[in-house]
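Q: Take this structure first; my questions come after.
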Amino acid sequence: MTSPSAPVATTGYPWPIETTRLANGLRVVVSEDRTAPVVCVNLWYDVGSRHEPPGQTGFAHLFEHLMFEGSQHVKKTEHMKLVQGNGGSLNATTNPDRTNYFETMPSEHLELALWLEADRMGGLVPALTQETLDNQREVVKNERRQRYENVPYGDAWLRLLPLLYPEGHPYHHSTIGSMEDLNGAALDTFKAFHQQYYAPNNAVLTVVGDTSAAEVFALAEKYFGAIATVPDIPAAPDGSLPGPATEAVRESVTAKVPAARIYLSHRTFPFGTAGYDAVTVLSMVLGSGRGSRLYQRLADGARIAQPDYIGAYGVDLAHAPAPLIITATAKDGVSLETLEAGLAEVVQSLIDEPVTDDELNRAKALLTTAWWRGVSTVGGRADLLGRYATQFGDPATAADRLPKWLAVTSDDVTEAARQVLRPESRVTLTYVPGEPS
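Oh and the sequence shown: position 68 is 68 in full-length UniProt numbering, straight run, nothing missing.
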C-alpha cells in the first residue's frame, strides 16, 4: 500500500454566490445549483450564549425551541407541519457564537419556507404566551437531564468551559444555561431578548439550490422587507484574552461512569485564523482515527486506552481562542495515573517529534474528505455560506478554508503545538467510577 500524497485544492466552493442587502439590513446570500429540485433556506442570527447578559443564560437556546411554537400568522406546531407536510425537513441549532434555523424543501415550496421564517422573525413576540414559555422551559430542563446529567461523562462540556474561560468571559457558560436563570425570568424579559436580537439587521438569510438570485432577492423583499430594523443591538462582551493560560487547572469527578476517562483541553486560536488552521491539522494528526498518534501509541501500542473512546478535536468558535479537547478512556485494569501519563507523553510528542509527511498527508486527506462531504448537500452549503457571511462578512471567503488547511506545513503544526500545548496552560478533567459525593 502506498502512502497518501498531499491533496491539492484551489477552491473549496466552486458554485456561484450572489449577495444583496435589504434596506432594513438583512443580508441575503444565494448560491444557485440546478442539480436537483430542492432548496435550503438557512437563517443565521448573530446571537448565541456569548451574547447573554448575567441572569439570562440559556435564553438563545430556549428560543431555538420557542421559534417552533407558533408566530403571528402560524399556529402552534404548524411550522413543522407545513414544512414536513410539503416534503421538507427542518431543524435549528445554538452554539456560543450564533443560532441558526433551516429548512430543506422541494424548490416549488421556496416561498412557503421564506414566509415561515419571516413570520417568526417579525411576529414571534405577539404569539408568545406564558403557557408556551412554561412548556418549553420544561422541555429544556428535560433536555438538560437527558443530554448532560443522566448520561456518563455527559456534563464534561459544562465543566470544561468555566475551567477554560474566566468568570465574565462570554464563553464561560454553556448554551444550555442556568435553570435558575430560565426559571427566574419573566415573560416580558424573554420578549425583550427576542426583540433585541432577532432582527433583520442581525441576521443572514442564505438560500442554496434550485432557484435564482433574482427570485430569492424578490421574495426576501416581499416577506422580510417590511420588518423593522432594530437600532443599537448590543455587541457581545469582548472575548479577547491576553494569551494562553499560565497556570494548569484540574478537576476530578467521581461519578457513575463505566471507566476512568481524562479530558485534556487548551485554549488555542479563534476559528478562521492561520493558527487555528494549524490546530485543525494538528488535531487530525493527534487524534483522528486509527492512524492518529493517540490511537497508534495508546490503543494499539501501550494498550492502555479503549480504542473506541480516544481522540482529539477543536471546537470551532470564532470570537475568542477556541478550545482543543483531547480525550482517552482507560481499559480495564489501567489506572488513571497511567492513562494520564501516556496521554501527556503523546501530546508532548507533537512538540518534540516533527509531524511526518505521511501523517501530514493523511490529516489533509481526512480534512478534504470531510470538507467535500459537508458541501455535498444544499443544506451543508447554506450553513457554510451563512457562517462566513455572519462571522467574517463575506460568504465567498468560505472557498479559502480548504486551501488554507492544505497549505499547513509540518513546521506550522509544530509551532502551533509549541504555543498552545504547554503543560502550564492545560485544563485536566478526570472522571473516576464511584458513587458521587
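In this text, a Cβ means the ideal position worked out from N, Cα and C, and glycines have one as well.
#1: Ordered along the chain, which non-local residues of its own chain (more than five positions away) have a Cβ less than 8 Å from that of H169?
#2: Can you tell me where the beta strand (DSSP E) holding F271 begins and where it ends?
#3: Report the partner residues of Y313 according to the DSSP bridge assignment.
#4: Leaving out five residues on either side along the sequence, give the residues of the same chain with a beta carbon under 7 Å from the beta carbon of M1.
#5: For M105, report the span of its beta strand (DSSP E) as first-last.
#6: Determine whether the Cβ of A328 lies closer than 8 Å to any Cβ atom of chain C.
#7: Just to confirm the assignment, what range does the beta strand (DSSP E) spanning R27 have?
#8: In terms of residues, what are the limits of the alpha helix (DSSP H) holding N415?
#9: Where L298 and V420 are concerned, what is the direct C-alpha to C-alpha distance, given to the nearest angstrom?
#10: How would you label S89, buried or exposed, when you count the other beta carbons within 10 angstroms and need 16 or more for buried?
#11: When you compare only the Cα positions, how much space is there between A36 and G342?
#12: Report the rounded CA-to-CA distance for H79 versus S71, giving the unit in angstroms.
#13: Can you tell me whether DSSP reads T2 as helix, strand or coil?
#14: Between E52 and D232, what straight-line distance do the alpha-carbon atoms span, to the nearest angstrom?
#15: Please report the residue range of the alpha helix (DSSP H) in which A203 lies.
#16: Taking only three categories from DSSP, how would you classify S174?
#17: Smallest Cα separation from P54: which of E180, R98, T104, L160?
#18: Expressed to the nearest angstrom, what Euclidean distance is found between the alpha-carbon atoms of I351 and T93?
#19: Going by DSSP, name the residue or residues bridged to T94.
#20: In whole angstroms, what separates the C-alpha of L163 from that of V249?
#21: Can the beta-carbon of V413 be found less than 8 Å from the beta-carbon of A274?
#22: So for T428, helix, strand or coil by DSSP?
A: Straight from the coordinates:
#1: The answer, listed in chain order, is P237, G239, L241, A320.
#2: First-last for F271: undefined, no H or E at that position.
#3: Per DSSP, I325.
#4: Model confidence at M1 stands at a pLDDT of 44, short of 50, so the residue's coordinates are unreliable and nothing is read from them.
#5: Its beta strand (DSSP E) spans residues 99 to 106.
#6: Note that chain C does not occur in the displayed structure, where there is just one protein chain.
#7: R27 -> beta strand (DSSP E) spans 27 to 32.
#8: The question names Asn, yet the displayed sequence has Glu at residue 415. Element bounds for E415: 410 to 420.
#9: Straight-line Cα distance between these residues: approximately 22 Å.
#10: When all chains shown are included, S89 counts as exposed.
#11: Going by C-alpha positions, A36 is about 50 Å away from G342.
#12: Here the C-alpha atom of H79 lies approximately 9 Å from the C-alpha atom of S71.
#13: Since pLDDT at T2 reaches only 48, below the 50 mark, its modelled position is unreliable, and no value is offered.
#14: Approximately 16 Å, taken between the alpha carbons.
#15: First-last for A203: 203 to 209, but that is the beta strand (DSSP E), not the alpha helix (DSSP H).
#16: S174 falls in the coil class under three-state DSSP.
#17: Its Cα nearest to that of P54, the residue E180 stands out among E180, R98, T104, L160.
#18: Their backbone Cα atoms lie some 36 Å apart in a straight line.
#19: T94 pairs with T99.
#20: Approximately 7 Å, taken between the alpha carbons.
#21: Taking 8 Å as the Cβ cut-off, V413 and A274 do not qualify as a contacting pair.
#22: Strand at T428.
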